[in-house]
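Since the structure comes first, as structure tokens, the remarks are kept for the end.
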Amino acid sequence: MPESIVEMRHITKRFPGIVANDDINLSIHKGEIFALLGENGAGKSTLMSMLFGMYEPDEGELIVRGKKVNITSPAEAVALEIGMVHQHFKLVSNYTVTENIIMGREPLRRLLGILPYIDRKGAELKVQALCDRYGFDLNPRAVIEDLGVSQQQRVEILKMLYREAEILIFDEPTAMLTPQETARLLDIIRKLRDDGKTVILITHKLEEIKQVADRCAVLNRGRLIDVFDVASTSTRLMAAKMVGREIDFEVDKTAPVFGEVILDVSQLTVLDAQKVAMVKDVSFTVHAGEVFAVAGVAGNGQVELADTLAGLLAAKEGSISFKGENITRASVRKRTVEGLAYIPEDRHGVGLILDFPVSDNLASKAYFRPPFAKGPFLQQFAFRQYADTLIERYDIRCSKGALTPVRSMSGGNQQKLIVAREIDADGDLVIFVQPTRGLDIGATMGIRQRIIAERDKGKAVLLISLELDEVLSCADTIGVLYDGRMTKIAPANELSRNEVGEYMMGVQR
Amino acid sequence: MNQIIVDGLSYALPMLIIAIGGIYSERSGVTNLALEGLLGFGAFAGGLFVSFTAGIFLADSPVPFYLSFLFAAIGGGLFSLLHALLCIKLKANQVISGVVVNIAAVALTGFLAVQLNKAVFGGASNKFMLSTAPRYTVPGLSDIPVLGGLFTNVYPFELIIVVLAIVFWFILYRTRFGLHLRACGDNPQAVDAAGINVARVRLVAVIISGVLSGVGGMSFAYSISANVSPAIFFGAGYLAIAAMIFGNWKIVPTLVACLIFGLARSAAYQLILVLEMDASVTDLAMIVPYVLVLILLIFFSKRNQAPKALGQIYDKSQR
Chain H
327 MPESIVEMRH ITKRFPGIVA NDDINLSIHK GEIFALLGEN GAGKSTLMSM LFGMYEPDEG
387 ELIVRGKKVN ITSPAEAVAL EIGMVHQHFK LVSNYTVTEN IIMGREPLRR LLGILPYIDR
447 KGAELKVQAL CDRYGFDLNP RAVIEDLGVS QQQRVEILKM LYREAEILIF DEPTAMLTPQ
507 ETARLLDIIR KLRDDGKTVI LITHKLEEIK QVADRCAVLN RGRLIDVFDV ASTSTRLMAA
567 KMVGREIDFE VDKTAPVFGE VILDVSQLTV LDAQKVAMVK DVSFTVHAGE VFAVAGVAGN
627 GQVELADTLA GLLAAKEGSI SFKGENITRA SVRKRTVEGL AYIPEDRHGV GLILDFPVSD
687 NLASKAYFRP PFAKGPFLQQ FAFRQYADTL IERYDIRCSK GALTPVRSMS GGNQQKLIVA
747 REIDADGDLV IFVQPTRGLD IGATMGIRQR IIAERDKGKA VLLISLELDE VLSCADTIGV
807 LYDGRMTKIA PANELSRNEV GEYMMGVQR
Chain V
981 MNQIIVDGLS YALPMLIIAI GGIYSERSGV TNLALEGLLG FGAFAGGLFV SFTAGIFLAD
1041 SPVPFYLSFL FAAIGGGLFS LLHALLCIKL KANQVISGVV VNIAAVALTG FLAVQLNKAV
1101 FGGASNKFML STAPRYTVPG LSDIPVLGGL FTNVYPFELI IVVLAIVFWF ILYRTRFGLH
1161 LRACGDNPQA VDAAGINVAR VRLVAVIISG VLSGVGGMSF AYSISANVSP AIFFGAGYLA
1221 IAAMIFGNWK IVPTLVACLI FGLARSAAYQ LILVLEMDAS VTDLAMIVPY VLVLILLIFF
1281 SKRNQAPKAL GQIYDKSQR
């Protein structure tokens, strides 16, 4: 029987209107990588936040190293040698790596033998020693705002190691990382375990769990579903447990029936803020009943193309015609009213008003017309009623219903909200940009099926995605963007996965 | 020339110490428009002490002069608790709180001065008389051309301020507390996660801004008017805020800003004297330095970066 380092007994946590954790019993062994798997909003982060002292459980007890503990603040968790890397890093942007790491536990020296001051040199040496030990390529004097995401994450890891944490919690650590960075992070996590640390990994990505975790617990809607050994469990079974049903990894798709041309883009060129051409001479058409998927590596003009079609960026040259009408210079409002729906990549910046409630966000593209407005007056009742309908129809989980502030919702549910708003407007063209980024497998499959359903209803769909799997499973026609140019357009069934990959890398042209 | 430096310093240094108070508060994330009120209330407390102890000390004793600064610091510190209470504990809007503190300071000091004077001395004056402050000239050093002005007719409080400025520079940039304070103004969540009490750091920062403003206010009372009256609210607190922004919320550049302000002002004075200008246009001439400052501010503060979390109420549960 392996030694248990953390035990949770009958842990229950309620937030207004929602039970985030319902009678959870867990035992985590010393020196293992323990994964916590669940969909967005299943209660994984809440559960571990309680171990880190950010919330207190309403019921149940926490046992660390055999002793019952009451952790009421992160400081107390740190005293118990528990550390956490949050999904949103907690770093001071204008401080150096070293300053961030030592904050709260600064090594001191004394000026003239009395006045205490921070021993910077000593601290930098300590940080450098930690970097060397774990093979991190970090300059202790670098300022945080100059560092990339994966480097900032290493600073967070070093913060825990500097505090001699033995129990390390990682909250969705790979959400913002590229595949290469993810691989390196997983190596680091293995190394930490080999060093004798206990690692708790919160994630919704099955492949990661399969790669590093020893055991895995599955949460669904706040309840603990099962705990199992990763080595002896198939990915398919894990996915089924996570979502609570069997998941179909294939998107069911019938042959497309193309209608008339809905979107006709001709020789479009777009400049970015620095006057650099990001989209160059791009032409393509999307028909009713067609999914036109744009593949490409990030930064090849996808975002600019989508923003231009939606009216957020101005076209430098070329034309966009929508249902036969030239909309190259039309306002965003006009495009919306004409039936162009846009699900943007930047959900927080463009898609939502985070501090507004669900109801206002759902009506944010129609608030100016009936039934939401009568003359200059907004009809609050119509907002509420509409929101209630959509919450139910699209299974948006929000603790206070129509009045939930969007900021407090999980990423997956925020995305569901945007999709609901755009699709329910019942336009003729839906533009999806990276629609499943950051979503768990259940939500991802839901959105892909939604894309096909829209097509089958006779809508034109433009899907812009960085994920080749997504493009291949949804597309009727594939266009590849490379360096701002549409280097290939072909029916999906005429292109192999490898061919698309080569066009994306600019190998074939 | 000498006079420009002498007057410029005695104006710039009190402003510097007030601005350092502002830097402490704002680098911790609490917007502080209350400096004006804090310096006034501090000076009021100092003046009250001098006026009411006039019979105790010998006529030419320096003790009340020095003690008045202590009382001004305490007065400013106590009054800053109002700003701290509103901003930190009650989570009110920090701009409004600052304005409220300023208005309250003007009203309260005026009212209290009249009432206290009436009760104790029988006359309903709104002033507390101060003795004239001593001034010192360092022999030898004061004879150096140009730089000699730094050592001529120096008020003792100028030395106190220089020492305080160095001490508070050290605290802000070299100590644990300073590290925590500056972090609170950038990302309070990070400070909280490091096990440090954000509210406590901010409370101390605001009190320091009150203490230093009190010292600055007392200095102005001695150097400008030799009494404490509602005239103490002549805008030095707002100028200190301008100097702080001009100095990018850093102590050394703020010192430069204060020197520019002070020297421009005393230079304008001297210019008026030399040109023997008509009284009707001197007021106009006096705005020249402020206009200059405004123009400099427009050109040089573009790259300035306010503390990221400035004015944000810290709420643990915010994502």
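Residue numbers (my numbering), protein chains in the order written: chain H, 327 to 835; chain V, 981 to 1299. Glycine included, each C-beta is placed from N, C-alpha and C at the ideal position. Just so you know, these numbers come straight off a predicted model, no measurement behind them.
Any idea if residue i is buried or exposed, counting beta-carbon neighbours within 10 angstroms, 16 or more meaning buried?
i       : result
H:F703  : exposed
H:F707  : exposed
H:S685  : buried
V:R1299 : Low local confidence applies: a pLDDT of 39 at V:R1299 is under 50, so the model's placement there is unreliable, and no value is given.
V:M981  : exposed
H:Q479  : buried
V:V1178 : buried
H:T634  : buried
H:G768  : buried
H:N824  : exposed
H:F694  : exposed
H:Q593  : exposed
H:V411  : buried
H:E820  : exposed
V:T1011 : buried
V:M995  : buried
V:P1287 : buried
V:V1043 : exposed
H:N347  : buried
For residue i, decide whether its Cβ has a neighbour in chain H, counting only Cβ atoms nearer than 7 Å.
i       : result
V:D1166 : yes
V:R1154 : yes
V:I1188 : no
V:G1227 : no
V:P1170 : Correcting the residue identity first, residue 1170 of chain V is Ala in this sequence and not Pro. It does; some Cβ of chain H falls within 7 Å.
V:G1009 : no
V:G1129 : no
V:A1173 : yes
List the DSSP bridge partners of residue i.
i      : result
H:V385 : The sequence given here places Glu at residue 385 of chain H; Val does not occur at that position. Its beta-bridge partners are H:T338.
H:E586 : BP columns for H:E586 are empty, so no partner.
H:A603 : H:L597
H:D552 : H:V544
H:P731 : H:P683
H:T500 : DSSP output for H:T500 lists no bridge partner at all.
H:M812 : H:L807
Check the Cβ-Cβ distances between residue i and every residue of chain V, and say whether any is below 7 Å.
i      : result
H:E333 : no
H:L417 : yes
H:M812 : no
H:M429 : yes
H:I344 : no
H:E498 : no
Verify whether the separation of the beta carbon atoms of residue i and residue j is less than 7 Å.
i       : j       : result
H:L678  : H:K642  : no
H:G585  : H:H613  : yes
H:L545  : H:G364  : yes
V:V1215 : V:G1055 : The sequence given here has Gly at residue 1215 of chain V, not Val. Against a cut-off of 7 Å, the Cβ pair of V:G1055 and V:G1215 comes out as no contact.
V:A1220 : V:G1009 : no
V:G1227 : V:T1234 : yes
V:Y1046 : V:A1113 : no
H:D605  : H:L563  : First, the amino acid is wrong: residue 605 of chain H is Val here, not Asp. Not closer than 7 Å, so no.
H:L794  : H:A619  : no
H:E482  : H:F415  : yes
H:G548  : H:V345  : yes
V:A1222 : V:S1005 : no
State the CB to CB distance for the pair residue i and residue j, rounded to an integer number of angstroms; the pair is presumed to be in contact (CB under 8 Å).
i       : j       : result
H:F648  : H:L755  : 7 Å
V:L1276 : V:G1165 : Contact flag wrong, Cβ pair sits at about 24 Å.
H:R673  : H:Q775  : Not really, about 20 Å apart at Cβ, beyond 8 Å.
V:I1252 : V:F1148 : That belief does not hold up - the Cβ atoms of V:I1252 and V:F1148 are roughly 35 Å apart, past 8 Å.
V:V986  : V:L1110 : Actually they are not in contact, since the Cβ atoms of V:V986 and V:L1110 sit about 20 Å apart, beyond 8 Å.
H:K517  : H:Y460  : 6 Å
H:R723  : H:G367  : 6 Å
H:L388  : H:L373  : The Cβ separation is near 11 Å, so there is no contact.
Hey, would you say the C-beta of residue i is under 6 Å away from at least one heavy atom of the ligand COA?
i      : result
H:G409 : As for the ligand COA, it is missing from this structure, which has no ligand bound.
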